[in-house]
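This report concerns only the one structure given below.
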Amino acid sequence: MVCPQYVLTEDSNSGYEFFSDLSKQKNICCFSANGKSNIIFGLHKIKKKEGTCLVIVDGAAFGSEMRDVSEYLKVADDIVLYAPESFEWLLLSTNAIPNVNVSPILEHPEKYIDSKEYVSWERFFTTLLVKRTQNNSLWAYSKKKLPAVYLSSKLMNAAKKLMKLIQWDV
739 MVCPQYVLTE DSNSGYEFFS DLSKQKNICC FSANGKSNII FGLHKIKKKE
789 GTCLVIVDGA AFGSEMRDVS EYLKVADDIV LYAPESFEWL LLSTNAIPNV
839 NVSPILEHPE KYIDSKEYVS WERFFTTLLV KRTQNNSLWA YSKKKLPAVY
889 LSSKLMNAAK KLMKLIQWDV
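Throughout the sequence shown, residue numbering follows my numbering, covering 739 to 908 in sequence.
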């Protein structure tokens, strides 16, 4: 089990809002790196502090940064990388968003994602979440500003269950 004292997200918008709120519940600090290319810089700032740092990145878009970060992780024993496909993939995987059943897509995304249309799987899952929620004023997803309903205990708890190796509850 990973019990973080700090969280660093690559995201500075919706993903950061979500993980910042989740971190607050455990009384731990959450920081944004303001982009995937700034993870190492963000780690340098945080590592002045003691404790385990959980770094959360969108796995589907992080490949180009992985070499540098993996080299950094080799010398730092108190940093854990968590890389779900994307933040939107995580939200969709919770099955907590009403009337958004995408289980077949999540089980075999390769059957649905056209690389001519989507530069990354992250963009595909973002578009999917936006389209599937756009007609619901409460759940209409925006990458820039997370609707308050996404911070509900129901959705938070569902997300925590998916992040099995991370201890979010005290």
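Just so you know, even glycine gets a beta-carbon here, dropped at the ideal spot from N, CA and C.
C-beta atoms of residue i and residue j nearer than 9 Å
i	j	result
Asn-751	Lys-882	yes
Tyr-888	Phe-756	yes
Asp-749	Ile-778	no
Asn-837	Asn-895	no
Glu-803	Glu-860	no
Leu-828	Met-739	no
Val-753	Phe-825	Looking at the sequence provided, one finds Gly at residue 753 rather than Val. A contact, by the Cβ cut-off of 9 Å.
Residue i to residue j span [Cα, whole Å]
i	j	result
Ser-880	Ser-891	19 Å
Trp-906	Ser-761	8 Å
Asp-806	Ile-784	17 Å
His-846	Leu-811	31 Å
Asp-852	Ala-821	22 Å
Val-745	Cys-791	6 Å
Leu-893	Ser-831	10 Å
Pro-885	Ala-897	16 Å
Asn-765	Lys-854	43 Å
Asn-839	Ala-878	15 Å
Asp-816	Cys-768	16 Å
Leu-819	Ile-904	11 Å
Ala-798	Val-857	10 Å
Pro-842	Lys-899	20 Å
Asn-833	Glu-788	36 Å
Helix, strand or coil at residue i [DSSP, three-state]
i	result
Ser-770	strand
Tyr-744	strand
Val-793	strand
Lys-818	According to the sequence provided, residue 818 is Val. The question's Lys does not apply to it. The answer is strand: DSSP assigns Val-818 an E or B state.
Ile-777	helix
Ile-784	helix
Ile-904	strand
Ile-843	helix
Leu-884	coil
Glu-823	coil
Ala-834	coil
Met-804	helix
Leu-876	coil
Assigned exposure category for residue i - 16 Cβ within 10 Å defines buried
i	result
Pro-742	buried
Thr-747	buried
Val-813	exposed
Thr-865	exposed
Asp-796	buried
Glu-848	exposed
Leu-867	buried
Ser-758	buried
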